[in-house]
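Before any comments, here is the structure.
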Amino acid sequence: MVKIEAIIKPFRLTEVQEALVHIGVQGMTVSEVKGFGRQKGHVEFYRGAEYRVDFVPKLLLMVVVPESLAEQVVDTIQKAAYTGKIGDGKIFASRISDVMRIRTRETGPEAL
Amino acid sequence: MVKIEAIIKPFRLTEVQEALVHIGVQGMTVSEVKGFGRQKGHVEFYRGAEYRVDFVPKLLLMVVVPESLAEQVVDTIQKAAYTGKIGDGKIFASRISDVMRIRTRETGPEAL
Amino acid sequence: MVKIEAIIKPFRLTEVQEALVHIGVQGMTVSEVKGFGRQKGHVEFYRGAEYRVDFVPKLLLMVVVPESLAEQVVDTIQKAAYTGKIGDGKIFASRISDVMRIRTRETGPEAL
Amino acid sequence: MKRLVFACGFLVLVLILCTAFAGAADAPTPLAQPGVAAAVPAESGPPKIDTGDTAWVLASTALVMLMTPGLALFYGGMVRRKNVLGTIMHSFVALGIITVQWVLFGYSLAFGPDVGHFIGNLDWIGLRGVGLDPNPDYAATIPHQAYMIFQMMFAIITPALISGAIAERIKFSAYVVFMTLWAFLVYDPLAHWVWGTGGWLKELGALDFAGGLVVHISSGVSALACALVLGRRKGYGVDLLAPHNLTLTVIGGCLLWFGWFGFNSGSAVASGALATSAFIVTHIATGTAALSWMLTEWIHRGKPTALGAVSGAVAGLVAITPGSGFVGPLSSMIIGLLAGVVCYGAVNLKPRFGYDDSLDVVGVHAVGGTLGALLTGFFATKLINSAGGDGLFFGNPSQVGIQALSIVVAWVYSFVISWILLKILDKTMGLRTSEEDESLGLDLSQHGEVGYTF
Amino acid sequence: MKRLVFACGFLVLVLILCTAFAGAADAPTPLAQPGVAAAVPAESGPPKIDTGDTAWVLASTALVMLMTPGLALFYGGMVRRKNVLGTIMHSFVALGIITVQWVLFGYSLAFGPDVGHFIGNLDWIGLRGVGLDPNPDYAATIPHQAYMIFQMMFAIITPALISGAIAERIKFSAYVVFMTLWAFLVYDPLAHWVWGTGGWLKELGALDFAGGLVVHISSGVSALACALVLGRRKGYGVDLLAPHNLTLTVIGGCLLWFGWFGFNSGSAVASGALATSAFIVTHIATGTAALSWMLTEWIHRGKPTALGAVSGAVAGLVAITPGSGFVGPLSSMIIGLLAGVVCYGAVNLKPRFGYDDSLDVVGVHAVGGTLGALLTGFFATKLINSAGGDGLFFGNPSQVGIQALSIVVAWVYSFVISWILLKILDKTMGLRTSEEDESLGLDLSQHGEVGYTF
Amino acid sequence: MKRLVFACGFLVLVLILCTAFAGAADAPTPLAQPGVAAAVPAESGPPKIDTGDTAWVLASTALVMLMTPGLALFYGGMVRRKNVLGTIMHSFVALGIITVQWVLFGYSLAFGPDVGHFIGNLDWIGLRGVGLDPNPDYAATIPHQAYMIFQMMFAIITPALISGAIAERIKFSAYVVFMTLWAFLVYDPLAHWVWGTGGWLKELGALDFAGGLVVHISSGVSALACALVLGRRKGYGVDLLAPHNLTLTVIGGCLLWFGWFGFNSGSAVASGALATSAFIVTHIATGTAALSWMLTEWIHRGKPTALGAVSGAVAGLVAITPGSGFVGPLSSMIIGLLAGVVCYGAVNLKPRFGYDDSLDVVGVHAVGGTLGALLTGFFATKLINSAGGDGLFFGNPSQVGIQALSIVVAWVYSFVISWILLKILDKTMGLRTSEEDESLGLDLSQHGEVGYTF
Ligand SMILES: Nc1ncnc2c1ncn2[C@@H]1O[C@H](COP(=O)(O)OP(=O)(O)O)[C@@H](O)[C@H]1O
Ligand SMILES: Nc1ncnc2c1ncn2[C@@H]1O[C@H](COP(=O)(O)OP(=O)(O)O)[C@@H](O)[C@H]1O
Ligand SMILES: Nc1ncnc2c1ncn2[C@@H]1O[C@H](COP(=O)(O)OP(=O)(O)O)[C@@H](O)[C@H]1O
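Chains as they are written, first to last, in this note's numbering: chain A, 1 to 112; chain B, 113 to 224; chain C, 225 to 336; chain D, 337 to 790; chain E, 791 to 1244; chain F, 1245 to 1698.
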């Protein structure tokens, strides 16, 4: 199985989620993260002080899918998360050796 | 070494943590995530508006352990996180190529 | 490519980020996590009740870099995150099979 | 839908019963001659400051001042996290802008010597001649300046109320200009018509004790113009535009309730019987409306919400405002009951109309204010305030007509002027932030700061 | 443990010293004849409304109103995030329910013409006959309606206080029914006994200036019944049931303190000497109790907490309430000192008893109210309030007996009625949410909304 | 930089224009003889309590009490999350410590019978002889105890103000000791000099209506000493030391504004004309200062911030405090205008000096208080308060000298005593937490609790 981790802009979540569900993905896990990259951050003022904040809010999406689906999932996420502006994010794929569903102890693809 | 990532229901954390410590795991890292899956979300009302929220709060537990312990750890987490109801979560295992303890620069299993 | 995940003390973030930028890393992603390990937590009091909190706040840094850079990155993080006190954290490295930049559909090292 | 019909039917029934009861019950209340009458001491001589009256008006003024921050929090909690400070600023800045405007011009325009029943003249600009002796035209037993500052707080909160309709997308600079001009063009004239000596609606006999027309209709209707001219927020109808911090909204709502005692009861501009009467009807209407919104919601949707209960309270406060110095306790209970149901309904109908009145200023203030101003025409009685008037249920059907007329006037005037003003600003300086700024949030884009760094 | 013993020993010592001092020091305070005496003007004729008195009572009423939202926040901050709105609603809804109940029935039952020293009759339902002229039985210089609304605020906050004991697990519908019935069955009779003209505890000479018996013992003891009948929260003793937002608790606690000036000082139902005296002893006891809880905690556990300091303040406010119109400043300092220590102790002993009084209503209100009502029997003096009584330290040991008796009566009555009521509700509609709803949280399960969307 | 120069130039211009205007406009205000004169009734006989005056002073006292929690929240929001409760405690604990100190010793030292123009004697310790009859030396129409408790609230908030300078790094135990000693050594004497009967600055004719010298300069300058002795926070100039919750700061700031009406207007220690005048100038200066800080920031940095607007309001409140009972409305507008600009400038210059006055107590309170005290020497007029004095613009240039002298005295005295005190404490018990505790945060290290568990 393949773990796909995608860093996306927060306001694209709904599109990405719906697109994934549409191609048959049944589950995913999301966490709020802060990204540093080419996209610039912003400046904040507090009375006399000025702070540069380099990190911008992003979502990290994690979806584990069978090998067979991996490419399509990457493709789907890319399309749904795309805005064309800097900071759209990255998609990483890596191998998962085992999966287990806690509720049923199923393992392998049917555990997803 | 093996990285075990488990998505669990938040209120099972104490049990899982204690069970892991019991079998000799010395460290773990937890993050708050939102999960989408078979478990239904809920509806929220705000004056005239009604929102379906599909994501439910979960914890993502990450434990890196030596190969030898991996199976037992998965088993332990499954048992401790189990409630039998939909949404109990998943356990993923993947390979880690290197580990280093920042404080000592130790690497390999003894760095855990 | 290699995914390097480092668990560090929150207040070392600026140093680590600057050190990484200095060696040419262009992007990274950070999330707030809670760590359990040798470092002790603390006790909290609320009226009659006393709670032991075992988890301490940590940051989880994720940087994906080409194989060639991996070792240097680990080394850099270790140096920058080092305080010498218990709880400095760990660095994990694992293999990434694919990367894609959402904005350009570039893949491989140039997507980073 | 069925549930809604049921709920409404049920409430109409309750209304009818209560009405009968109210007519009967409020009447025999033993009453002194409170109000303006009581405020003018029988003995001749120059008006004398009464320490108790002044104490109550000053306390009331402080209470009304607190309503604007209360509103800031009430609104601030209902937007998304990234707009919390921007939204707070929409109210807070009124404390700066209108304070200065009022001292320099506003008070004179609204309450100064009358020009053609339409506006005050400029005799009182910079508070010239507004001293510490009472001005018996407005309040015979407190310093004139106390009356001036009490009224200032009304002038401050009114434009701030509008900001709920333009939340999460207006340019701060445009907002500041809009508010300043609106104070001159809408608030000051309207206040003069209704409350100023010589104002034409006042002379017509319109009853508006603490600002149903001047405060709530004017702001609520202008909010409608805002929502129409500005258009919807990005993501409206698609994204989760849920309140980010309802505890803030609860804090704000409660400060509003607390401050509103000053708003309504302080409008007696004296301590004593009339202030007491206004105080109790304010509270009764509010409590009842909180309950009735909550129950309607419970019946209609299956769950009573905290946001609903607080919104109901605000609806009740709005609805009782115009009649607070004229109606009795049971009447106020009916007004509150209706306010909760009607405003709940209005807020729920909003999606049908398609405009994005983000924080429901129309549904609560325009609708609630209109309801209250109208019901004043039914429930007002000289038994409570001899200087007021009798409503339909107390034998004077014409009051309903007068109320209806003034409501129409306030609607039309506020809408037209606001709409023109907004259009001009939109063409010249632009009202909305850029798309990018909107999605970054007002806090960062307009103010360069964030609400929380957790 | 040792530390605890040490702390207690130390405080007993302090107490003894202070007592001696208090007896000596408060006495020579030069005193007019304030209080009720002063409130009835010497000249005959119908009672006249005093603007200063009315101003203070209205201001006080607004202050007491604010306490209920204050309580909502105080409690709301102490629960887990998922229950914050549900907990806020437990207090907020009282503003709706009891307002209606009080106008329609409650005031008449509690303060209406006496029936057998036990309850008021129904003459005043719907506020019939409760007008704007003073009712000299209760307050000779303010409109009767002002007295009515001031008392309403007490009736509102009392049942809300109970909600701390049932936090995080009660069904909202059951709670609403419980509160309504409790008002009829417990609050209204008890208020009549202690404060109503003809009430039997009043005639017995029980001293309860602002509600030690009527408010704090009644709510605190009913809270005990609630905790016992409802059982513990899921995860009690296992999970981290820590407060989710202590800044909210601090805000709430401070609004309570602020509002309590109205509660105690307003209970003079006039401005002037007695109101001043009640004001200052309230503040002194509160500040002292905040300090004494904090210090006891510091000695006992090694760290002074913010929650402790705020809890101490609330304990002090509770404890001074019954005696606030009867005791002098140094006495109030001793009462505050003891309140901090004793309530801290009570809260710390709770785990031994095993019931889950989630937010310590018993430890603070039942214990603090009892302590205060008892100490009133020691420290009261006619030098402060000629219409009050003397306590043991001022030569009248029997007052301690009277106080003890009324405490027992209030405990037994509140506990028994509440317990029966809860048992009936539990059998019929069920008191607790389902396990699933409890772990989802009240906000989502009962109200369909969440406190924060960060 | 250019922008800053431009902004300043612009404002100087505005100032000059306004000044001319103010001299002209405030003068003709028709005035009764308010203030102390009015407070002493013409008829002889013992002083009588006025219910209206007492109502206003009690209400004001409650308002001023609320400022300390307000300050707790204002400051609490500006620190990092891990220090929020610790910072709140710095203010809150003053409510405990100073309440006790004031009753037992402070009031006697500050206001008791004079000893050599320098300090009160010990006649009034434990409030012996401080009864319910008026003390005509201080306030002829309210109970002496009302005056005492009103003054207590000033004594409470003053040391709490200092805590902004030592935020995020002081040991709680050291702070508690510092505050207690500071009250005895700095506040009580200074209050006696300026306000106590016989105090030497009072006799010199220094005008300080509500505490520019006694409250703001004393605390602001002591804060400077604190910042210097304590040194900077870890990470100062490197890490993001941004406010963690500006909504809390807004809530706190608004409670400060609200409470400040009691602070300044209540300082008339009576209701009526003078209280009204103080009330309105307080509001006008505050609104104007909020605006002027915001606009200066807008010009200077390109963005107006919410923190700036609230800070400006506080700066305005500080600056108007000393003159609030002596100046007219247009003068107050100028004072507010300058306060916003000058304090903004002061806060922006801080980094040049290198000390870490974490929450800008020096820039706002020392600078704002000094500005206000000085401007009082220009704008004061007996037309507003016959018991006050005339300033330079009203024909009495010497008042500026007197003001300048008292400012210097207050600066030197506060700085020297605080500095010595801090040095001693640093050597003996140590002022700062350990590095580890500092990076863990005050909440956990000093109090064993956390602000939020989200
Ligand atoms: N090498 C990397 N490792 C981990 N995360 C990265 C890396 N590079 C970028 N990211 C993440 O991707 C986000 C977007 O990257 P950025 O360089 O801003 O724009 P783009 O995706 O358009 O190249 C960053 O905010 C960061 O979260
Ligand atoms: N394919 C997946 N990839 C990543 N996370 C998943 C995946 N499927 C499920 N999850 C996570 O597991 C959680 C539980 O899954 P769900 O389908 O609700 O129930 P169950 O675990 O009982 O099958 C989800 O909330 C989500 O966080
Ligand atoms: N086996 C593990 N798997 C995942 N995370 C771990 C593991 N062991 C430690 N950690 C993380 O590393 C952090 C530091 O570990 P700790 O044992 O406290 O100190 P040290 O890094 O000095 O050995 C922990 O807080 C936890 O977040």
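C-beta atoms are modelled at their ideal positions from N, C-alpha and C, and glycine is treated no differently. Here the structure is a predicted model, which is why all the values come from computation and not from measurement.
Where residue i sits in the DSSP three-state scheme
i, result
"Asn1629(F)", "coil"
"Phe908(E)", "coil"
"Ala1063(E)", "helix"
"Ile189(B)", "helix"
"Ile1074(E)", "helix"
"Arg568(D)", "coil"
"Phe45(A)", "strand"
"Asn925(E)", "strand"
"Arg1676(F)", "strand"
"Asn873(E)", "helix"
Residue i - partner residues in DSSP beta bridges
i, result
"Thr253(C)", "Gly35(A) and Met286(C)"
"Phe92(A)", "Glu5(A) and Val323(C)"
"Val168(B)", "Gly147(B)"
"Tyr275(C)", "Glu268(C)"
Short Cβ contact (8 Å threshold) for residue i with residue j
i, j, result
"Ser750(D)", "Ser628(D)", "no"
"Ala6(A)", "Ile77(A)", "yes"
"Phe597(D)", "Trp536(D)", "no"
"Phe864(E)", "Leu1107(E)", "no"
"Lys131(A)", "Ser206(B)", "The structure shown does not extend to residue 131(A), since chain A spans only 1 to 112, so no value can be given for it."
"Ala398(D)", "Thr841(E)", "no"
"Thr1697(F)", "Pro1033(E)", "yes"
"Arg1023(E)", "Glu958(E)", "yes"
"Gly1685(F)", "Asn1327(F)", "yes"
"Leu244(C)", "Val287(C)", "yes"
Residue i CB to nearest heavy atom of ligand 3 below 7 Å
i, result
"Gln129(B)", "no"
"Phe235(C)", "no"
Contact test: residue i Cβ vs ligand 1 heavy atom, cutoff 7 Å
i, result
"Arg327(C)", "yes"
"Gln250(C)", "yes"
Proximity test, residue i beta-carbon vs ligand 2 heavy atom, cut-off 7 Å
i, result
"Thr29(A)", "yes"
"Met489(D)", "no"
"Asp978(E)", "no"
"Arg262(C)", "no"
Contact belief for residue i with residue j at Cβ below 8 Å, rounded distance in angstroms
i, j, result
"Lys282(C)", "Thr141(B)", "7 Å"
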